[in-house]
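Keeping their order, the protein sequence lines are chains P and S. Numbered according to my numbering, the first sequence spans residues 1070 to 1572. Numbered according to my numbering, the second sequence spans residues 1070 to 1572. All C-beta atoms, glycine included, are put in the ideal place defined by N, C-alpha and C.
Number of protein chains: 2
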Amino acid sequence: MKARIKLLDVLSGRYSVLISEEDAREAKLHPDDLVKLEAGKKIVYGSVVISNMIESGEIGISRDILELHNFSEGETVNVIPAGTPESVRYIKKKMHGEKLRKVEIESIVRDIVDRKLRDIEISAFVTSLEINGLDMDEIAALTIAMAETGDMLDIDRKPIMDVHSIGGVPGNKTNILVVPIVAATGLTIPKTSSRAITSAAGTADVVEVFANVTFTLDEIKRIVEKVGACLVWGGALNLAPADDITIKSERTLSVDPTGLMLASIMSKKYAMGSQYVLIDIPTGKGVKVETIDQARALSRDFIELGKRLGQYVEVAITYGGQPIGHTVGPALEAREALSALQSGKGPGSLIEKATGLAGILLEMGGVAPAGMGKKMAKEILQSGKAWEKMREIIEAQGGNPDIKLEEIPIGDKTYTFTAPSSGYVTGIDNRAITAIARTAGAPEDKGAGVELYVKVGEKIKEGDPLFTIYAEHEARLDQAIVLARRTEPIKIEGMVLQRIGNI
Amino acid sequence: MKARIKLLDVLSGRYSVLISEEDAREAKLHPDDLVKLEAGKKIVYGSVVISNMIESGEIGISRDILELHNFSEGETVNVIPAGTPESVRYIKKKMHGEKLRKVEIESIVRDIVDRKLRDIEISAFVTSLEINGLDMDEIAALTIAMAETGDMLDIDRKPIMDVHSIGGVPGNKTNILVVPIVAATGLTIPKTSSRAITSAAGTADVVEVFANVTFTLDEIKRIVEKVGACLVWGGALNLAPADDITIKSERTLSVDPTGLMLASIMSKKYAMGSQYVLIDIPTGKGVKVETIDQARALSRDFIELGKRLGQYVEVAITYGGQPIGHTVGPALEAREALSALQSGKGPGSLIEKATGLAGILLEMGGVAPAGMGKKMAKEILQSGKAWEKMREIIEAQGGNPDIKLEEIPIGDKTYTFTAPSSGYVTGIDNRAITAIARTAGAPEDKGAGVELYVKVGEKIKEGDPLFTIYAEHEARLDQAIVLARRTEPIKIEGMVLQRIGNI
């Protein structure tokens, strides 16, 4: 059938196409049927919603579709019932334990990006991967297909370095130090980061406190060609868009099949043209990778996948058993990272990790002799050269390079927990710290978060401050306090952990 | 947050809740987030759609929700963000190959029915079942949970018989004969049927040609207590509603995990209070169960599951390699079934199968001695007693018991295919016949379908009529003719099956 477009101002989270009851009956369309909309060369797929808010002869299309395609109101489109996409057969092949061929993986990825596959099919794909896995041939094909169905960056500087931390450890502002240290030596490092999904602050959330992070790929090319580095939000780019779609199923099910995780990370590096990639795998209780054995297995996969992609990959297994540095939350972390860059000093966990990672990159990039990278990285940090480079990056990204730490606003609603007894800190619960910071408002409320005054192993006295919660809103502070009381994120040896009985 | 309800006249195929951009930001809600709507004792879950068609302070709820719950426009509801349902953990347990406990299965089923689980989670569940399966403990728990989360029938007559054919064979109007034969002996048989999903006519579609099939459970109780039988549409009842929801994922993926299929069928029998259940498993090329071995394995499962449910189950493995009788399509099948009941005669494939199945039920119900059931069934059919009972059923279901076959309208747009050469019929392609009937308009167009003049093994001469396509609309007839030319559903020995080259 042909129909005139009517814009519907809705964001449904999926592609919806509203059709009148009369037209649906005539065209034998049912709720949730897949249809193809065609106008000249423009093609988009959507799911049928039947509605009497739409006249016969009209078709309502949601803002989701308009935002990505160039349809306009009143335009006439062809509405064609779309059958089952071919790629569903390949998803079923994987469901039944078979190995997929390259063209089959490409077909699945293309149909995901074209929105021909929807929640049901994508969830079946993710679930099949979680159960039956992918071998390295399949992972390499998936990675390349994911990169090539999106935009790719082509920077006229070589070599291109990159660093990626597998998420999970709170307060991990490390790469905000690593990038300017590496770039200060003349190496190129176009770093894209994510926003927080389940954490309290992604690197992009932190950088956004003092610079813009949302750019087009062309703008990033200009920034990187000028200053040799960037610290931008990857989500604004059309890098490996299939990943942005499958992540919805992964998050809903809280699964993260290894093959898909590898492809997700490496497809973005591949799309950015990265040649030397350092993967940081924080390991410890309460992060994504809990044991050294898991971390080692994953390392081998990253290195092998890199070879298939023509990238040189190294992996650093780092300690992730407690937060990095003292702060968790966008503004608090921005202050801590910038302070370290400006002064060359900071919490050991942050400085050692940042210079350690940067040092490996300097050696990979050939600017430091083997074994000398960390020393050189520390010198660059302490000499102020890293801060100089960071000022260039901030300026190139539209921020104020003369920013003063005390100008960064943090939440003025605060509450400090103190030690209920003397003893040694035996553990800091990553998940609880993240949950408290998020409950206090992070990452949406930039000033919300947690500041920690102690680290595992420290000796403390009763009444010593343990941590402060910052919030922008009183109600959120109160909720975070309740959660902190319940979860007791800092364990002290000799402390009563739980009291059961009459209160 | 609190919000006033605004009705949205949409059928989205899922439960949608429209919220203004402003309210969504304030409440930290994102597209597709799950929210709980609460007003007094009324509770319903829905998925967030962000829309500027809604004012702040209002909440748009779709007709899907209003149809099942008693919310009214202008009513104030509490909108509460709902976290991840507990049952997602159990779905993941099954994903990881573990056996589920009874309470875990109950939790999944309850959350499906409450719409707390959506496409992503349900698809993950279905995929996990397809891959990892269920053992008999799990299947029994699933069956009972599915029945008990819906309505159940309590009929004051014993024993209660039931019959169910596993789908797939076209033209299977058999149970329209079985039910009145069985009921004519005084046994009770409250038969619910489905409408066509992928076939050209479900039993409910056929019966609807000459009687109503949509009733409430109370009405069915009255009908059955009066005439001892019914032939109604199960979909209008709230029997095992979880099944109606999971079927969407199964259909999209075209998978049918055995455990889920068993639970789906038997939960509805359990909810109807059936004590003696006969399962008909048509077996042959182009139907759901293609080999005798598969049919035998499935039979054992049905019988074992019946034991767990306190039901006595028998299974008949029947020949499903070609259509039953001569007709496919609602009105054509209605004519054929009623003709057989009125005259006691009809195509051998229909009469033999119907009296065979009815005979087993008569023996199960204790009204025929062992080995004498089929003979008794045939006598009941030929004596006109089955037709007398059918007249009672038709009348009780609001139809005309004096219906004349020629009064049943069939499509007046017809096209007859003739044999291109002489020879023996070597095969009739079930899937092609179904596809042709559906393309001609069945089941929506009641008069559309296919009439077959030959059966496998028959000798035919060039020019003999093979089958006629009936349609209500010229365009659909033309499409069906094209499809029939392409698929050649009737194979004749010696016929050129495919000609490749210049035409």
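Closer than 8 Å at the beta carbon, the chain S residues around P:N1147: What P:N1147 touches in chain S: nothing, since even the nearest Cβ is about 17 Å away.
Residue-level contact to chain S via CB, P:A1193, 8 Å cutoff: yes
Selection of the region 1188-1216 of chain P by Cβ proximity to chain S, strictly under 9 Å: D1188, I1189, E1190, I1191, S1192, A1193, F1194, V1195, T1196, S1197, E1199, I1200 and N1201
Assigned secondary structure, S:D1048 (DSSP; H/G/I helix, E/B strand, else coil): Chain S is shown from 1070 up to 1572; residue 1048 of chain S falls before or after that span and cannot be answered.
Same chain, Cβ closer than 8 Å to P:R1320, five either side skipped, listed in chain order: I1266 and T1267
Coil, strand or helix - P:S1116 by DSSP: strand
Assigned secondary structure, S:A1216 (DSSP; H/G/I helix, E/B strand, else coil): helix
Through-space distance from S:V1494 to S:Y1522, alpha-carbon basis: 11 Å
P:A1423: CB within 7 Å of a non-hydrogen atom of the ligand MN: In the structure on display, the ligand MN does not appear, and there are no ligands present to speak of.
Same chain, Cβ closer than 8 Å to P:Y1381, neighbours up to 5 away in sequence not counted: Q1344, Y1345, V1346, G1375 and M1433
Bridge partner(s) assigned by DSSP for S:I1181: None, per the DSSP bridge assignment.
Beta carbon of S:V1296 nearer than 8 Å to that of S:I1462: yes
Residues within the region 1492-1514 of chain S neighbouring chain P, beta-carbon criterion of under 8 Å: E1513
Alpha helix (DSSP H) runs contained entirely in the region 1215-1296 of chain S, provided each spans 4 or more residues: 1243-1252, 1272-1276 and 1286-1296
Chain P contact for S:I1266 (CB, 8 Å cutoff): no
Under 9 Å (Cβ pairs) to chain S, residues found in the region 1216-1241 of chain P: none
Inter-residue Cα distance where the pair is S:I1361 and P:N1121: 49 Å
Residue-chain proximity (P:N1351, chain S), Cβ-Cβ < 8 Å: Going by the sequence as given, residue 1351 of chain P is Pro instead of Asn. P:P1351 does not count as touching chain S.
Residues bridged to P:S1085 (per DSSP): P:S1116
Nearest residue (CA-CA) to S:M1230, options S:R1170, S:E1541, S:L1474 and S:L1426: S:L1426
Touch test, the region 1332-1343 of chain S against the region 1219-1237 of chain S, Cβ-Cβ under 8 Å, three pairs minimum: yes
Residues, ordered as in the chain, of the region 1106-1138 of chain S that lie near chain P by beta-carbon distance below 7 Å: V1118, I1119, S1120, N1121 and M1122
Touch test, the region 1149-1157 of chain S against the region 1184-1192 of chain S, Cβ-Cβ under 8 Å, three pairs minimum: yes
Residues in the region 1162-1177 of chain S having any Cβ partner in chain P nearer than 7 Å: M1164
P:P1068 - partner residues in DSSP beta bridges: Absent from the structure is residue 1068 of chain P, since the part of chain P shown begins at 1070 and ends at 1572.
Inside the region 1135-1177 of chain S only - alpha helix (DSSP H) runs reaching at least 4 residues: 1156-1164
Exposure of S:I1088, with buried meaning 16 or more beta-carbon neighbours within 10 Å: buried
Beta-carbon gap between P:A1540 and P:A1549 smaller than 8 Å: yes
Straight-line Cα distance separating S:D1274 from S:P1512: 7 Å
Reduced DSSP secondary structure (H/G/I, E/B, other) of S:Y1339: helix
Amino acids of chain S, ordered along the chain, whose beta-carbon sits closer than 7 Å to that of P:S1318: I1189
Sequence-distant residues of the same chain with beta carbon closer than 8 Å to P:K1530, five excluded per side: A1488 and S1491
Cut-off 8 Å between Cβ atoms - residues of its own chain near P:L1198, not counting five sequence neighbours on either side: K1163, P1326, G1328 and L1329
Amino acids of chain P, ordered along the chain, whose beta-carbon sits closer than 9 Å to that of S:T1327: Correct list: empty, because the minimum Cβ distance to chain P is about 14 Å.
Short CB-CB distance (under 8 Å) between S:K1075 and chain P: no
Runs of beta strand (DSSP E) wholly within the region 1297-1368 of chain P (minimum 3 residues, chain order): 1298-1302 and 1345-1352
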